Amino acid sequence: MRLAQSVLSLGLALLAGLVAACSEDDARQDLAGATQETLEISWPDLLPASERATLDAMRSGAGSAEDLAEYSSSSRDYQTGSFRTVERLDGRRVRMPGFLLPLDVTQRGQANAFLLLPYHGACVHYPAPPPNQIVYVTSIEPVAFDALWDPVWVEGVLQIDRRATELAETAYSMTVESVSDYAPEPS
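Those letters in the sequence shown? Residues -21 to -1, 1 to 166, by mature numbering (1 follows the signal peptide of the UniProt record, and there is no 0).
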């Protein structure tokens, strides 16, 4: 009987130690996430440098035939562009502007999943922006939509994460922590 009590006491002590260690690790991870500086980014920041140079060359008329084929299409409902991403942004807490297009609107005019888009009307008018210019956004708490045409700021941890929706494919995703009305930063 004494041996069984000793084993039980030892087991409970080990379990308590494991719980305490896990709690300390979780607290350190929460603290690290909370203290990570929020990086304010804009849409060109989601493009790798080589892709920005390609798009700039195409705009100036100096793009190659291969580039033109990748970034354009004769089909109006074909999404063009690439899934190339910026690795240094993976897992970073970011704040960025854009337009939210809800994917799962409830009767109350709320949604938990949306596409964050660089301009109003993207994905509604084809072709959709390139996958690396669309962010698949989810929210734990439903977000109310008063007006789809109003720009917003979103803040959360950006992930490189390929997703497909009925409207477009995306190269990034984010679980949004906050959505606020867009107001340009004073210069």
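The beta carbon of each residue, even a glycine, is placed where N, CA and C say it ideally should be.
All values derive from a computational prediction rather than experimental measurement.
Environment of residue i [buried if 16+ CB atoms lie within 10 Å]
| i | result |
| --- | --- |
| residue 98 | exposed |
| residue 23 | exposed |
| residue 161 | exposed |
| residue 47 | Because the pLDDT of residue 47 is 48, which lies under 50, any placement of that residue in the model is unreliable, and the number read from its coordinates should be weighed accordingly. Exposed: under 16 other Cβ atoms inside 10 Å. |
| residue 119 | exposed |
| residue 77 | buried |
| residue 164 | exposed |
| residue 135 | buried |
| residue 143 | exposed |
| residue 145 | exposed |
Residue i versus residue j - alpha carbon distance
| i | j | result |
| --- | --- | --- |
| residue 32 | residue 26 | 10 Å |
| residue 79 | residue 63 | 22 Å |
| residue 249 | residue 82 | Nothing can be reported for residue 249, as the shown portion of the chain is limited to -21 through 166. |
| residue 151 | residue 74 | 14 Å |
| residue 139 | residue 87 | 31 Å |
| residue 90 | residue 15 | 28 Å |
| residue 156 | residue 133 | 8 Å |
| residue 59 | residue 147 | 10 Å |
| residue 116 | residue 92 | 6 Å |
| residue 69 | residue 18 | 12 Å |
| residue 28 | residue 67 | 12 Å |
| residue 10 | residue 101 | Here the model assigns residue 10 a pLDDT of 40, short of 50, so the residue's position is not dependable, and the following value carries that caveat. Distance between the alpha carbons of residue 10 and residue 101 is about 37 Å. |
| residue 128 | residue 30 | 28 Å |
| residue 94 | residue 159 | 16 Å |
Beta carbon proximity, residue i to chain B, threshold 8 Å
| i | result |
| --- | --- |
| residue 82 | Considering every chain present, this structure includes no chain B. It has just one protein chain. |
Presumed contact (8 Å Cβ cut-off) between residue i and residue j, rounded CB distance
| i | j | result |
| --- | --- | --- |
| residue 110 | residue 61 | 7 Å |
| residue 243 | residue 149 | There is no way to answer for residue 243, as the model of the chain reaches only from -21 to 166. |
For residue i: DSSP bridge partner residues
| i | result |
| --- | --- |
| residue 253 | With the chain covering only -21 through 166, there is no way to say anything about residue 253. |
| residue 19 | 74 |
| residue 132 | 76, 159 |
| residue 143 | 148 |
| residue 192 | Limits of the chain in this structure are -21 at one end and 166 at the other, which puts residue 192 out of reach. |
Inset, instruction - Ignoring anything shorter than 4 residues or poking outside the stretch 95 to 123, list the alpha helix (DSSP H) runs there in chain order. - result: For the stretch 95 to 123, not a single whole alpha helix (DSSP H) run of length 4 or above is found.
Inset, instruction - Could you tell me which uninterrupted alpha helix (DSSP H) segments, each at least 4 residues in length, are contained entirely in the stretch 52 to 89, listed from first to last along the chain? - result: List check, alpha helix (DSSP H) in window: nothing returned.
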